[in-house]
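Colleague:
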Amino acid sequence: MSFTARRPPDHWLTFQLYPDTSGISVRVVPRREQTEDTAPPALARPVAAAPTGRLYQLVHLAAALTEAVTVRDLVTLIAQQILPAFRAQGMVLSAAEAGRLKITGHHGYPADVVERLDALALDTDLTPAGQVLASGTPAFFADPAELAGAYPGHPGSAANRPGRSCR
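Take the sequence shown: its letter number 44 is residue 43 in numbering that gives the first Met the number 0, and every next letter is one higher.
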């Protein structure tokens, strides 16, 4: 799919769109330079069109992210738009600060758990956040029991939450 548009004063550009399951790639070329010789080669494999609903959600999320001003805005957006896609009930947004975990935002966790997580040393053996920061790979846990199994000494795990049990 392609279309041509004029950029004032008199420059014509051709926009060529290449949708696939991961999104849309766009190639922009000046119209006068686009000839049969410079046209992009045909794709080697057929590309399945991405479902319209997914593309809409991605564009909607990107637009909403541009409007997020505060950390609270970002946490609210993640809670409303991303957590449901993973069937998650909670998330913690954190940063490394002076060798410690600094909780910058959260959703779905009781205040006592957030308090215990804030200012933990970033020891990769004790915290999933430390491991994530060291490896660059996100961590997801289905429930507190799974977190406790992976990090038995972690303050947010079920084993370290008085009066609470995991099912």
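Every residue gets a Cβ at the ideal spot worked out from N, C-alpha and C, and that includes glycine.
Can you give the Cα-Cα distance for Leu12 and Val25, rounded to whole angstroms?
Modeller: Counted from its first residue, the sequence shown places residue 12 at position 13. Counted from its first residue, the sequence shown places residue 25 at position 26. When rounded, the distance between both Cα atoms is 12 Å.
Colleague: Can you give me the Cβ contacts of Ala138 inside the same chain, cut-off strictly under 7 Å, excluding the 5 residues immediately before and after it?
Modeller: Here residue 138 is taken as the residue at index 139 of the sequence shown, counted from 1. If we look at Ala138 and ignore the five residues flanking it on each side, its Cβ neighbours are Pro127, Gln130, Val131.
Colleague: Since Val74 and Leu92 are thought to touch, with beta carbons under 8 Å apart, how far apart are those beta carbons, to the nearest angstrom?
Modeller: Reading the sequence shown from its first residue, position 75 is the one you call residue 74. Reading the sequence shown from its first residue, position 93 is the one you call residue 92. Correct: roughly 6 Å between the Cβ atoms.
Colleague: Report the three-state DSSP secondary structure of Leu121 (helix, strand or coil).
Modeller: As a first step, residue 121 is located in the sequence shown; it is residue number 122 there, counting from the start. DSSP places Leu121 in coil when its eight states are reduced to three.
Colleague: Quick check: what's the CA-CA separation for Pro109 versus Tyr55?
Modeller: Locating residue 109 in the sequence shown gives position 110, where the first residue counts as 1. Locating residue 55 in the sequence shown gives position 56, where the first residue counts as 1. The alpha-carbon atoms of Pro109 and Tyr55 are separated by roughly 33 Å.
Colleague: Name the residue from His106, Leu16, Leu100 whose alpha carbon lies nearest to the alpha carbon of Phe2.
Modeller: Mapped onto the sequence shown, residue 2 falls at position 3. When each option's Cα is compared against that of Phe2, the closest is Leu16.
Colleague: Assuming Thr75 is part of the alpha helix (DSSP H), what are its boundary residues?
Modeller: On the sequence shown, position 76 is the one that residue 75 refers to. That run of the alpha helix (DSSP H) goes 70-76.
Colleague: Does the distance from the CB of Leu100 to the CB of Leu121 come in under 8 Å?
Modeller: Taking the first residue of the sequence shown as position 1, residue 100 is located at position 101. Taking the first residue of the sequence shown as position 1, residue 121 is located at position 122. The answer is yes: Cβ separation under 8 Å.
Colleague: What is the rounded straight-line gap between the Cα of Val112 and the Cα of Val27?
Modeller: Within the sequence shown, the letter at position 113 stands for residue 112. Within the sequence shown, the letter at position 28 stands for residue 27. For Val112 and Val27, the distance between alpha carbons rounds to 50 Å.
Colleague: Taking the beta strand (DSSP E) that Phe139 falls in, what are its first and last residues?
Modeller: Locating residue 139 in the sequence shown gives position 140, where the first residue counts as 1. Unbroken run through Phe139: none, as it is neither H nor E.
Colleague: If you compare alpha carbons, which of Ile102, Phe85, Gly152 is closest to Ala141?
Modeller: Here the question's residue 141 lines up with position 142 in the sequence shown. Residue Phe85 is the option with its Cα nearest to Ala141.
Colleague: According to DSSP, simplified to helix, strand and coil, what is Gly152?
Modeller: Within the sequence shown, residue 152 is the residue found at index 153, counting from 1. In the structure shown, Gly152 sits in coil (DSSP, three-state: anything other than H, G, I, E or B).
Colleague: Sorted by chain position, which residues of the same chain lie with C-beta nearer than 7 Å to Glu35's C-beta, five sequence neighbours on each side aside?
Modeller: In the sequence shown, counting from the first residue as 1, residue 35 sits at position 36. The predicted model places Glu35 with a pLDDT of 48, which falls under 50 and marks its position as unreliable; any figure quoted below should be read in that light. If we look at Glu35 and ignore the five residues flanking it on each side, it has no Cβ neighbours.
Colleague: Are Tyr150 and Leu125 touching if we call contact CB-CB under 8 Å?
Modeller: Here residue 150 corresponds to residue number 151 of the sequence shown, with the count starting at 1. Here residue 125 corresponds to residue number 126 of the sequence shown, with the count starting at 1. The answer is yes: Cβ separation under 8 Å.
Colleague: Is Tyr17 helix, strand or coil when you go by DSSP?
Modeller: As a first step, residue 17 is located in the sequence shown; it is residue number 18 there, counting from the start. The answer is strand: DSSP assigns Tyr17 an E or B state.
Colleague: Kindly list the residues whose CB is nearer than 6 Å to the CB of Ala94, restricted to its own chain and excluding five residues on each side of it in sequence; keep chain order.
Modeller: Sequence index remark: in the sequence shown, residue 94 carries index 95 (1-based). If we look at Ala94 and ignore the five residues flanking it on each side, its Cβ neighbours are Lys101, Thr103.
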